[in-house]
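Report on the structure given below.
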Amino acid sequence: MRRRATHAGTWYPSSAAALRAALETFLGGKRAEGAGKVLITPHAGYEYSGPTAGRGYAAMNWTGVDRVFILGPAHHVDLRRCALPSCTEYDTPLGILSLDIEVITSLEATGAFARMDLQTDEDEHSIEQQLPFIRHQLAEWSPAAKIVPILVGAIGTEQEEWYGQLLAPYIGDTKNRFIVSSDFCHWGQRFSYTYYAEAGEKGRRLWREEEPLRGEPIYKSIERCDREGMQKIEEGSHKGFVEYLSRTRNTICGRHPISVMLCALEKAKIRERFRFIDYTQSSRCRTEEKEEKCGGGVKYWSWRGARKWCCVCLKELV
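Here it is, written out as structure tokens:
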């Protein structure tokens, strides 16, 4: 059974030529020059997050890859565990990606994973948004590599540790790559998140009834909050990241996939640190009337302009 590229033509180009041209632009002409093995990268439409995602994918090492694990958050289904696909192939405008059925079967045998049906799989965008980048990068450098998509639900801290333990042997294998799909802060009334804190001040929630802010613009507060989260990820501490989320309530949609990845690194005793590559915002929110959303990818950062995307890359696994 094959999963269709259901978001092609809306979230990214459906034409192979147009998509390839867009990816080449986002990647800056670089393909396998990096050393990264683990990447946190955004999943918004390519118009918004493509440049940030491209910097992350360009920082990865794509040579000698056997499989790519893709951890994405569930946006459309009430899932309280992790789920594996029922398909054997994923379609992209650039060609097919084969799933590693042997690994998926082994993970299912642990009893920890559910199986998602085709509709759930095709409705979700967090994993699909990574597929064209992965297909493009693997095509030249590791064409035989397969993928292992994992949909991560709203799981608790102990579950994050459990799944991290199950994935630790795989994240420690230098022939594997891990892609964690996540945007960062989603700011505004429609996200029920209006956290604001000026430098050195305690954070608070903004209300519509308040007078317009006279101090620091909202986008700077959001960036500071996001960068604190990035620092916790960079430190590689699952506990520190969970405590940060508890205090700020930052609406990082991929917080559970990120946490599972951090736990896997801890269980595998991997001490290499993340390095943030890029940080962008879809617009600079200055008043309570606008909204923001953030995204992440792991190795370097850069500013773009009310939603936020970051790109973070774990340089090497040794």
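Per numbering that gives the first Met the number 0, the very first residue in the sequence shown carries number 0; after that it's consecutive. Backbone N, C-alpha and C define an ideal beta-carbon position, used for all residues, glycine too.
Considering just the uninterrupted stretch of the alpha helix (DSSP H) at glutamate 336, what are its terminal residues? The requested residue 336 is not part of the displayed model; the chain covers only 0 to 317.
C-beta atoms of alanine 198 and arginine 223 nearer than 8 angstroms: Walking along the sequence shown from the start, residue 198 turns up at place 199. Walking along the sequence shown from the start, residue 223 turns up at place 224. Yes, these two residues count as a Cβ contact at 8 angstroms.
Residue of Ile269, His124, Thr109 and Leu165 minimising C-alpha distance to alanine 43: Translated into the one-based positions of the sequence shown, residue 43 becomes position 44. The candidate whose alpha carbon is nearest that of alanine 43 is His124.
What residue range does the alpha helix (DSSP H) around arginine 318 cover? Outside the modelled stretch of the chain, which goes from 0 to 317, sits residue 318, for which no answer is possible.
According to DSSP, is alanine 4 helix, strand or coil? On the sequence shown, position 5 is the one that residue 4 refers to. Looking at alanine 4 - three-state DSSP - the assignment turns out to be coil, as it is neither helix nor strand.
Would you kindly work out how many angstroms separate the C-alpha atoms of tyrosine 169 and arginine 270, rounded to a whole number? Taking the sequence shown and counting its residues from 1, the one referred to as residue 169 is at position 170. Taking the sequence shown and counting its residues from 1, the one referred to as residue 270 is at position 271. Spanning the two alpha carbons is a distance of roughly 16 angstroms.
Close-in-space but distant-in-sequence residues of the same chain around alanine 113 (CB under 6 angstroms, 5 per side omitted): Sequence index remark: in the sequence shown, residue 113 carries index 114 (1-based). Hits under 6 angstroms: Arg80 and Ala82.
Is it buried or exposed, isoleucine 257, if we count other Cβ atoms within 10 angstroms and call 16 or more buried? On the sequence shown, position 258 is the one that residue 257 refers to. By the neighbour-count rule (16 or more Cβ atoms within 10 Å), isoleucine 257 is buried.
With distances taken from CA atoms, which of Gly71, Asp116 and Ile133 is nearest threonine 87? To locate residue 87, count along the sequence shown from 1; it is residue 88. Out of Gly71, Asp116 and Ile133, Asp116 has the C-alpha closest to the C-alpha of threonine 87.
Please identify the residue among Ala108, Ser48 and Glu159 whose C-alpha is closest to the C-alpha of glutamate 265. Numbered from 1 along the sequence shown, position 266 holds the residue referred to as residue 265. Measuring from the Cα of glutamate 265, the nearest candidate turns out to be Glu159.
What's the C-alpha gap between proline 72 and glutamate 215? Counting from 1 along the sequence shown, the entry for residue 72 is found at position 73. Counting from 1 along the sequence shown, the entry for residue 215 is found at position 216. So the alpha carbons of these two residues sit roughly 32 angstroms apart.
Mind checking who serine 180 pairs with in its DSSP beta bridge? Within the sequence shown, residue 180 is the residue found at index 181, counting from 1. Looking at the DSSP assignment, serine 180 forms a beta bridge with Thr40.
Burial state of glutamine 118, where buried means 16 or more other Cβ atoms lie within 10 Å: Against the sequence shown, residue 118 aligns to sequence position 119. Counting Cβ neighbours within 10 Å, glutamine 118 comes out exposed, since fewer than 16 surround it.
Where histidine 237 and tyrosine 243 are concerned, what is the direct C-alpha to C-alpha distance, given to the nearest angstrom? What you label residue 237 is simply residue 238 of the sequence shown in a count that begins at 1. What you label residue 243 is simply residue 244 of the sequence shown in a count that begins at 1. Answer to the nearest angstrom: the Cα atoms are 10 angstroms apart.
Whose C-beta lies closer than 8 angstroms to the C-beta of alanine 21 among residues of the same chain, with five residues either side of it excluded? Your numbering for residue 21 matches position 22 in the sequence shown. Correct list, in chain order: Tyr11, Pro12, Tyr45 and Gly49.
Near threonine 5, what residues of its chain come up, given a Cβ to Cβ distance below 8 angstroms and the 5 sequence neighbours on each side ignored? As a first step, residue 5 is located in the sequence shown; it is residue number 6 there, counting from the start. These residues qualify, in order along the chain: Glu121, Asp122 and Glu127.
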